[in-house]
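Following our numbering, the numbering of the sequence shown begins with 10 at its first residue and continues without gaps. Positions of the beta carbon are idealized from the N, C-alpha and C atoms, including for glycine. Right, one structure below, let's go through it.
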Amino acid sequence: MIAEVSAWKQAGSLYIWRYAALSGSRRGWHFHADRDGCASIIDLIDRMVGQEVPSHRTMGLAPVTPAIWGRPNFGSPKWDRFERLRVEYCPEQAALEIEPVENRLILRIGAERAPLLREAFIDLMLGQNDSGIGPSDARRPDPWMFW
10 MIAEVSAWKQ AGSLYIWRYA ALSGSRRGWH FHADRDGCAS IIDLIDRMVG
60 QEVPSHRTMG LAPVTPAIWG RPNFGSPKWD RFERLRVEYC PEQAALEIEP
110 VENRLILRIG AERAPLLREA FIDLMLGQND SGIGPSDARR PDPWMFW
């Protein structure tokens, strides 16, 4: 039995940022989460995919500190502060998308790429950082990096 999306509660910390200098692997979105944060978003993805219907949940984003953005040593991030992340699941959504809207981000996922995002957070939870995923099948999409 799949747990209800509406019963999901966030645990841990999740960080998302972009770098000011956009070249190479600095492009795109960058993610980090503590162990509980990884487990929490993995649980949310599992619930969403398991229910197989459109759903959404909102989670808080932790402030990105120099200790976090300095992990890959790419210089300062853009100083756009996002406080919340709305995760929207639509089964037919082909690509992973992030859209900034004021002080929050909207993350759109679908059945096709949800497993890829889930695996990235599993790797991060296991300490396998410095990895990336392609959010779409576009020829050269900006990578999503996990630190």
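Each residue's CA atom was taken as its position, placing Val62 and Gln102 some 12 Å apart. Pro75 and Phe130 have their C-alpha atoms roughly 21 Å apart. Shown here for Ser85: same chain residues with a beta carbon closer than 6 Å to its own, the five before and five after excluded, namely Ala29 in chain order. A buried status is given to Arg127, since no fewer than 16 other beta-carbon atoms sit within 10 Å of its beta-carbon. Listed in chain order, the non-local C-beta contacts of Ile54 below 6 Å within the same chain comprise Ala123 and Arg127, local neighbours out to five positions each way being set aside. For Phe130, the enclosing alpha helix (DSSP H) has its first and last residue at Ala123 to Met134. Put simply, the segment 139-153 touches the segment 94-111. At least three CB pairs are less than 8 Å apart. Annotated three-state conformation of Val62 is coil, per DSSP.
The beta carbon of Leu125 sits closer than 7 Å to the beta carbons of Ile142 from its chain, once the five residues preceding and following it are set aside; these are given in chain order. Contact between Asp43 and Ser22 is confirmed by a C-beta separation of about 5 Å, below the 8 Å threshold. Proximity to Glu108 across Ala16, Trp38, Glu13 and Leu135 peaks at Trp38, based on C-alpha coordinates.
Under DSSP, Val110 takes part in a beta bridge, and its partners are Arg113. Looking from the CA of Arg93, the closest CA among Ile77, Glu13 and Tyr24 belongs to Tyr24. Around the beta-carbon of Trp88, fewer than 16 other beta-carbon atoms lie within 10 Å, marking it exposed.
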